[in-house]
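Enquirer: Numbering (full-length UniProt numbering), first residue to last: 1 to 631.
Let me begin by handing over the structure; questions about it come next.
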Amino acid sequence: ASSWHPYGTRDRWIPPFLLDKMPSNFLSKIFKIQAIINKTLMECKDIDNAMHLFSSITNKSNYMYTVMFKGLITNNEAEKVLDLFNEMKIEPDQFNLSTLFNACAVLNNNRAMKTGKKLLDEMPENYRNNNITSTSAIDMLMKFGDVESAETIFRSIKTKDIITYGAMMKGYVGNEMFEKALDLFEQIDIELNDVTYTIAFNACAKLCNDRAMKIGKKLLTEMPENYRNHNITSNSAIDMLMKFGDVESAERIFRSMKTKTVITYGAMMKGYVGNEMFERALDFFEQIDIELNDVTYTIAFNACAKLCNDRAMKTGKKLLAKMPENYRNDNIISTSAIDMLMKFGDVESAERIFRSIKAKDVNIYGTLMNGYNLSGESWKCFKIFEEMKEKDIIPGEIAWNIIIGACSKSGMLHHCQYIVNQIPLNIQNKIRIQNALIDMWGKCGSIEKAKNVFNLVVDRDTITYNAMINAFGLNGMGSQAAELYREMPNHLRDHVSQICVLNACSHAGLLHEAQTIFNEISVKTESIITTMVDCLSRLFMFDEAQKLIEDYEKTNTPSIIMYMSLLSGARNNRNSNLSEKIYKRMKTLFPNAKESLATGVVLLSNIYSSLGKHEEAKTFRSNQIEELGVK
């Protein structure tokens, strides 16, 4: 009996046959009833019947248009608002205009911009000091990115209320003008409301500098008690404090909240992930006793992906298995789930999720390809790329970067050129893409093409120089690598720059150049010293290499990587005595480093074999592997 009530209760659903049979005098006289019916239909998402009923009304009022406009916006039909406006036979009033500005802000396309600005130009003067209308106009212009026009309207308003200030601040935040948002906030001389506090906290969170921290914490201290249990405001305060790295204060606010929503839990988990406290994020996740939403699933998957240990794998896979069906076609959740599974090394499950998604976006394709790169199956990226082309999915900067990464791993020149030929020029001119291309051509042995890209980069950053220095090093051009390192501005040099140039000198046998650069480095990290040990060991300067290790160990914990570099050099020199000493030292210092010790066994047994001591090599290898308990 209830099957004809698709929207629930009998009193909220109006069958089409009733609408068709309503007398014309009913439709022409009872405007308030018509408005209520319209609103009811809109609330039930019955757009077609609402439009049908509205079109039956002969004398439509401004109020009726406002009801229709609002209903359509609520039902994500903002485009139909503009269609309806074009059919409007009466002059729009201030309420119509406010709602039309809202529709244009939601749409934010060329048609909306044209309509919104035309409405604004033609708006009667007496509406310009109406705060509601002007605030809607400010919001619309800010969404269009037309900050200057929004500021002009704001300045023209004689009596500004807190909602007007809020619209301006929100607009600045939306346009990433966080300093301006705080400048305006400091000018407010009227009582703040919950929305203003929320926007101010958001601006401080985005800016995250000394000024923002000072303002945000002061604002939080002075915030009236009645706002402290307001979930939206408290959630934004938690987010801000987490961005500041003040986890303790964020936890204190969380504990003080009487009613916590899933969004509150999400803000805390996101904060823990942002502060690389992944175990805490999972601890927190396991305490949630309310229904999860899409954001919480996404954050939990991200935490599991970052942690990537047994607990994370167990939690992530259990969560995925229990996730409701309605979330399985959500692209954002699916993207984070695919990323998590790829990090776990479970390529098959990630591919299964990928195939199950009906409407795939560019982010899902990018995440799958990135996973293939991480799992050593970069060749699969090219197949996915061809699928994207077939389905007219246009790669963005991130996706192109991942595809270029796959080319770097493939090392096939013709594949690289095939991909590069398809990258749009506006993308090729992005520095992130140029850096990736330098790296790709360097790894594929095409140093000239790497240099050509390098020369095209206008504002070179640290990564640009590092990629080119590394490209020279990979292609045996140590002198050019050292020369470019010298040309590199001092403020751009970092830890990676130093390792790249030392590696380049090491592989080219440029000892003097390597020693000079090494001596100039003020902070010598484990990686830098290891690179120098490798350089000395390659040139069979074992005493000097061992001296470096001894000096390092005076103030630091021994590093197995340094000993592996030393052992590799001794292997190349076929120096069995030194190799034995190094291996014994490694066993003493690193008894639990089974995999590295097993590699050492292989290197040492290879030395015996190269010296013709095949039986000794076989016996040594067998005994040591058994002793280590590895296969």
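Ideal placement from N, C-alpha and C gives every residue a C-beta, glycine not left out.
(1) Check residue 195 in the structure and name its three-state DSSP category.
(2) Tell me the residue span of the alpha helix (DSSP H) that contains residue 365.
(3) Closest to residue 88 by CA distance: which of 107, 519, 66 is it?
(4) What number of angstroms, rounded off, separates the C-alpha of residue 626 from the C-alpha of residue 396?
(5) Going by CA-CA distance only, name the one from 91, 82, 622 that's closest to residue 110.
(6) In the structure shown, what three-state DSSP assignment does residue 475 receive?
(7) If you compare alpha carbons, which of 355, 279, 419 is closest to residue 386?
(8) Taking the alpha helix (DSSP H) that residue 416 falls in, what are its first and last residues?
(9) Could you check if residue 622 is buried or exposed, using at least 16 other CB atoms within 10 Å of its CB as the buried criterion?
(10) Could you name the residues of the same chain whose beta carbon sits closer than 6 Å to that of residue 112, not counting the 5 residues immediately before and after it, in chain order?
(11) Can you give me the C-alpha to C-alpha distance between residue 521 and residue 149, rounded to a whole angstrom?
(12) Which of helix, strand or coil does DSSP assign to residue 79?
(13) Assuming residue 574 and residue 607 make a contact with CB atoms under 8 Å, what is their CB distance in whole Å?
(14) With the cut-off set at 8 Å, would you say residue 473 and residue 467 are in Cβ contact?
(15) Check whether the segment 212-229 and the segment 267-276 are in contact - that is, three or more C-beta pairs closer than 8 Å.
(16) Since I believe residue 582 is in contact with residue 597 (beta carbons under 8 Å), could you give me their beta-carbon distance rounded to a whole number of angstroms?
(17) Out of curiosity, what's the CA-to-CA distance linking residue 316 and residue 190?
(18) Can you give me the C-alpha to C-alpha distance between residue 564 and residue 603, rounded to a whole angstrom?
(19) Do the CB positions of residue 62 and residue 90 come within less than 8 Å of each other?
(20) Could you name the residues of the same chain whose beta carbon sits closer than 6 Å to that of residue 198, not counting the 5 residues immediately before and after it, in chain order?
(21) Report the three-state DSSP secondary structure of residue 276 (helix, strand or coil).
(22) How many angstroms separate the CA atom of residue 648 from the CA atom of residue 101?
(23) Return yes when the Cβ of residue 366 is within less than 8 Å of the Cβ of residue 423, no when it is not.
(24) Please report the distance separating the alpha-carbon of residue 491 from that of residue 344.
(25) Could you give the distance in angstroms between the alpha-carbon of residue 48 and the alpha-carbon of residue 77?
(26) Got a sec, what are the start and stop residues for the alpha helix (DSSP H) residue 54 sits in?
(27) What's the C-alpha gap between residue 381 and residue 171?
(28) Can you give me the start and stop residues for the alpha helix (DSSP H) that residue 539 sits inside?
(29) Spatial neighbours of residue 132 within its chain, please: C-beta separation below 6 Å, excluding the five flanking residues on both sides.
(30) Assign residue 571 to buried or exposed, taking buried as 16 or more other Cβ atoms, counted over all protein chains shown, within 10 Å of its Cβ.
(31) Candidates 361, 120, 511, 55: which alpha carbon is nearest residue 134's?
(32) With a CB to CB cut of under 8 Å and the five nearest residues on each side skipped, what residues in its chain are close to residue 489?
(33) According to the neighbour-count rule (16 or more other Cβ atoms, all chains shown, within 10 Å of its Cβ), is residue 28 buried or exposed?
(34) Cα-Cα, which of 239, 313, 219, 324 is closest to residue 349?
Expert: Per the coordinate set shown:
(1) helix
(2) 362-374
(3) 66
(4) 52 Å
(5) 82
(6) coil
(7) 419
(8) 413-420
(9) exposed
(10) 104
(11) 52 Å
(12) helix
(13) 6 Å
(14) no
(15) no
(16) With a Cβ gap of about 11 Å, residue 597 and residue 582 do not count as contacting.
(17) 48 Å
(18) 10 Å
(19) yes
(20) 232, 233, 236
(21) coil
(22) The structure shown does not extend to residue 648, since the chain spans only 1 to 631, so no value can be given for it.
(23) no
(24) 38 Å
(25) 12 Å
(26) 47-56
(27) 39 Å
(28) Per DSSP, residue 539 belongs to no alpha helix (DSSP H) and is neither H nor E.
(29) 98
(30) buried
(31) 120
(32) none
(33) Note that residue 28 scores 48 on pLDDT, short of 50, meaning its location in the model is unreliable; the coordinates nonetheless yield the value given after this. Classification for residue 28: exposed.
(34) 313
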